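A.B. asks:
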Amino acid sequence: MAQSALRTRHGITVVGVKRPRQDFTYAKPDTVVVDGDLLIISGPTDKVERFAALP
Numbered sequence: 201m202a203q204s205a206l207r208t209r210h211g212i213t214v215v216g217v218k219r220p221r222q223d224f225t226y227a228k229p230d231t232v233v234v235d236g237d238l239l240i241i242s243g244p245t246d247k248v249e250r251f252a253a254l255p
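My numbering numbers the first residue of the sequence shown as 201 and each following residue consecutively.
Given below as structure tokens:
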């Protein structure tokens, strides 16, 4: 998570991660995101929408 620099690059903060068939966990700098993860993000609406629209 720390290496992605999402706050700097996109103006959003990843609050948590939800993996299929697992409990929600709060995002930490060492959190690794894998295919299929659902990200819970926070930030200004326009930036969240822009990030959500990324491929």
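Just so it is clear, CB atoms sit at the ideal spot from N, CA and C, and this is done for glycine as well.
Every value quoted in this text rests on a predicted model; they were computed, and no experiment measured them.
Cα-Cα, which of Ile241, His210 and Lys247 is closest to Thr225?
C.D. replies: If you number the sequence shown from 1, residue 225 lands on position 25. When each option's Cα is compared against that of Thr225, the closest is Ile241.
A.B. asks: Identify the continuous beta strand (DSSP E) that holds Lys218 and give its terminal residues.
C.D. replies: Within the sequence shown, the letter at position 18 stands for residue 218. Looking at the DSSP string, the run of the beta strand (DSSP E) that includes Lys218 is Thr213 to Lys218.
A.B. asks: Taking only three categories from DSSP, how would you classify Leu239?
C.D. replies: Locating residue 239 in the sequence shown gives position 39, counting from the first residue. Strand.
A.B. asks: By DSSP's criteria, Thr245 is part of a beta bridge. Which residues make up the other side?
C.D. replies: As a first step, residue 245 must be located in the sequence shown, where it is residue number 45. Paired residues: none, contrary to the question.
A.B. asks: Assign Leu206 to one of two classes, buried (16 or more other C-beta atoms within 10 Å of its C-beta) or exposed (fewer than that).
C.D. replies: The residue labelled residue 206 in the question sits at position 6 within the sequence shown. By the 10 Å Cβ count, Leu206 comes out buried.
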